[in-house]
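So the structure is just underneath, and the comments pick up after that.
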Amino acid sequence: MTYSTTTISSCIDELNKSWFLPSIQRPFVWEPDQIIRLFDSLLKGLPISTFLVWALKKETASSWDTYKFLENFRHGDVHNARVDLSDQDVTLVLDGQQRLTSLLIGFSGSYTVKAKYARKKNMDAWSQKWLYLDLLKSPEELSSDELDSDIGVTYGLAFHERDQRVSPEHYWFRISRIQNVRSEEEFDALHEDVMQYLPAGATRMDRKIVERNLERLWKVFTEEPVISFFTETHQSLDRVLNIFIRANDAGTKLSKSDLLMTMATSKWRDYNARDEVFNFVDQLNDCLKMKNKVTKDFVLKACLVLNNLEVAYRVDNFTNANLETIEISWPSIKKSLTRTLELVNAFGIDKSTLTSTNALMPIAYFLHRVDKDLLGSTPEETSNRKYVHRFLLGALINGAFSGTSDRAISGCRGVLRDHLRASSDFPLLKLVEELGNQGRLATFNTDNLRRLLDLTYRDKRCFLGLSLLYAVGKSDAERMDIDHIIPQAKTERKVLEGLGLTRVQIAEIEEASQKLGNLQLLLTRENIEKSDTPFNHWVETRDDDFLERHCLPRDRGLWRVESLPEFVAEREKLIAKRIKQTSPALSL
């Protein structure tokens, strides 16, 4: 990148002529007070930070929508005028839109505001205002109110609806009058015109303040190189987008999804993409039966996956044509993703246990293609729900979609697309095989089964591992809790010392108490009921199938706290047997 400086007058001459805005820019949002502070900084000679621009070749420009800077701004307006520059080189502003638009408004345009509490559709509620400088106000003279202010504005700057009458106290000069004053001769003419309207009784000091303020404004506009900018010349869209993210990262962090939202908002015709996606993310996270934690990036990536577009989450893949495709399918995308999260929540998986949202992509694609939610009780729904459950648990526990998972998602989508041409069943085995061919496990074999059994209570995957032992519940099932079979209260060090156990025995029991082998899933009400009741007493109140259902040893001699290490070892054998019976493709 190269560094350059220029004057405000030269820069404004380029705005909307050779300098424009890319679609990744967010709307102009500055309030009048922010514009005033910017002009106060300029008049004081303070730096206003550097700008970042992109020298875009016409060959690349066709991939972008470009927009004009707003000159006459209406508060709340988010629609910059679009301009077709696909047949020419162009300079796009990546960082500095708010400041440059403010300069354009102040030196050339206007700011239209609505009266407080008035209706937007009431035309009489709006007033167009221009930026003025009070030439009679010395920036060194502060009122008592200004001394207490944290804004730090000392020049007399304000927006007014019309030219104000000159009085002994104020001489409001419309700043846009300076726009066409470029030469010394033109400034002398302006100076003469201004001075002849000084109020009667103006003192010599008043004249000096007016002259000093007027000359300061003109020099800032025409002479001082206060605009400093870097020019990026690389034509890679992703590189420029990453530069843009970093350049705008000083305050609230920008994500790629924020920028893509801006692009989509400018292209979608029937929806406001930003509002649609943001509200939908909130709906998925807060309005279903369980709390979730999906992001805008997940939703946007799913838009690519569900529409059979290139799955890589790059700006290059959000072309005009692809964004149009996504808009057309947006209602069905929302339905499919909602069904996906509802199904996942029916499995008892929520924001605390969903360790990878990328693992949801094949499931979402399947539900999108078959147009079902799998929450019913037909044989087809029941079997498919079981297969989806097994796939998701295997993928999450083994981290099948961790790291760079685009190839994994694309491969699974290809398997599903081919399979669904002839069948509506969820192809669990084929998906496991596809991931296995990529070196990613979504099932359990001798090698990774031990790692599963070594999971402990605090591991997020512990709930997932225990879920492997149970049949998929109905969508309206009560919430399940992780319960210590031998209660934690019975394995506290003081309690164990009271039993006369050795230090080695105590350490072994403490370790075993937190392992998967001492944990089970119970309904919340059952867990509360059980509390610290000794297991050998509480289990007597359960049904005959309880031990089998929870893979529990039948040897009652192992149900005592003193035998906990042996109990865990025996139960691990039962858990391993159950998982081997239900996991696909163990030979991988």
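Residue numbers for the sequence shown follow our numbering, so the first one is 7 and each next one is one higher. Glycine residues also receive a C-beta, built at the ideal position from the N, C-alpha and C atoms.
How many angstroms separate the CA atom of residue i from the CA atom of residue j?
{"i": "I30", "j": "E282", "result": "17 Å"}
{"i": "Y277", "j": "T271", "result": "8 Å"}
{"i": "I369", "j": "N326", "result": "27 Å"}
{"i": "E568", "j": "L422", "result": "51 Å"}
{"i": "S155", "j": "L52", "result": "Any reading at S155 must be qualified, since the residue scores a pLDDT of 48, below 50, and its modelled position is unreliable; no value is offered."}
{"i": "P590", "j": "V438", "result": "8 Å"}
{"i": "V232", "j": "A61", "result": "20 Å"}
{"i": "L458", "j": "T346", "result": "25 Å"}
{"i": "Y177", "j": "F57", "result": "33 Å"}
{"i": "V159", "j": "S108", "result": "16 Å"}
{"i": "Y393", "j": "D431", "result": "9 Å"}
{"i": "V119", "j": "E77", "result": "14 Å"}
{"i": "G471", "j": "E503", "result": "32 Å"}
{"i": "Y371", "j": "L312", "result": "5 Å"}
{"i": "T97", "j": "A406", "result": "43 Å"}
{"i": "E576", "j": "K500", "result": "26 Å"}
{"i": "E192", "j": "R180", "result": "16 Å"}
{"i": "L558", "j": "N298", "result": "32 Å"}
{"i": "K214", "j": "I14", "result": "25 Å"}
{"i": "V172", "j": "V216", "result": "12 Å"}
{"i": "S150", "j": "K307", "result": "Low per-residue confidence applies at S150: pLDDT is 47, beneath 50, and the placement is therefore not dependable, though the value from the model is reported in the following sentence. S150 and K307: Cα-Cα distance of roughly 55 Å."}
{"i": "E9", "j": "S234", "result": "In the sequence under discussion, the amino acid at residue 9 is Tyr, which differs from the Glu named in the question. Taking the straight line joining both Cα atoms gives about 7 Å."}
{"i": "A208", "j": "P174", "result": "7 Å"}
{"i": "R80", "j": "R88", "result": "17 Å"}
{"i": "C293", "j": "I534", "result": "26 Å"}
{"i": "S358", "j": "L399", "result": "14 Å"}
{"i": "D538", "j": "A518", "result": "17 Å"}
{"i": "F286", "j": "D101", "result": "29 Å"}
{"i": "G523", "j": "R446", "result": "26 Å"}
{"i": "F353", "j": "K586", "result": "20 Å"}
{"i": "D288", "j": "H543", "result": "45 Å"}
{"i": "I581", "j": "V35", "result": "58 Å"}
Return the bridge partner residues of residue i from the DSSP annotation.
{"i": "F179", "result": "L139"}
{"i": "F236", "result": "Y9 and L58"}
{"i": "D264", "result": "Its beta-bridge partners do not exist; DSSP assigns none."}
{"i": "Q526", "result": "D489"}
{"i": "L163", "result": "L139"}
{"i": "L21", "result": "W25"}
{"i": "V438", "result": "V438 pairs with nothing; no bridge assigned."}
{"i": "K521", "result": "T462"}
Using DSSP with H/G/I as helix, E/B as strand and the rest coil, what is residue i?
{"i": "Y476", "result": "coil"}
{"i": "D482", "result": "Residue confidence is low: D482 scores 43 on pLDDT, short of 50, so the model does not pin down where it sits. No coordinate-derived value is stated."}
{"i": "H197", "result": "helix"}
{"i": "R88", "result": "strand"}
{"i": "D487", "result": "strand"}
{"i": "S133", "result": "strand"}
{"i": "D101", "result": "strand"}
{"i": "K120", "result": "strand"}
{"i": "H374", "result": "helix"}
{"i": "L294", "result": "coil"}
{"i": "V96", "result": "strand"}
{"i": "K579", "result": "helix"}
{"i": "T346", "result": "helix"}
{"i": "L563", "result": "Looking at the sequence provided, one finds Gly at residue 563 rather than Leu. DSSP places G563 in helix when its eight states are reduced to three."}
{"i": "E568", "result": "helix"}
{"i": "R320", "result": "coil"}
{"i": "W274", "result": "coil"}
{"i": "C418", "result": "helix"}
{"i": "V172", "result": "coil"}
{"i": "D431", "result": "coil"}
Taking only runs that begin and end inside the segment 23-82, name each unbroken alpha helix (DSSP H) of 4 or more residues, in chain order. 38-50 and 64-67
With contact counted as at least three CB pairs below 8 Å, one residue from each stretch, are the segment 15-30 and the segment 202-217 in contact? no
Is the segment 312-320 in contact with the segment 403-422, if contact means three or more CB pairs nearer than 8 Å? yes
Report yes or no: do three or more beta-carbon pairs, one from the segment 487-495 and one from the segment 516-534, lie closer than 8 Å? yes
Say whether the segment 186-194 touches the segment 221-241, bearing in mind that this needs 3 or more beta-carbon pairs closer than 8 Å, one atom from each stretch. yes
Taking contact to mean 3 or more Cβ pairs, one atom from each stretch, closer than 8 Å, check whether the segment 161-170 and the segment 133-146 are in contact. yes
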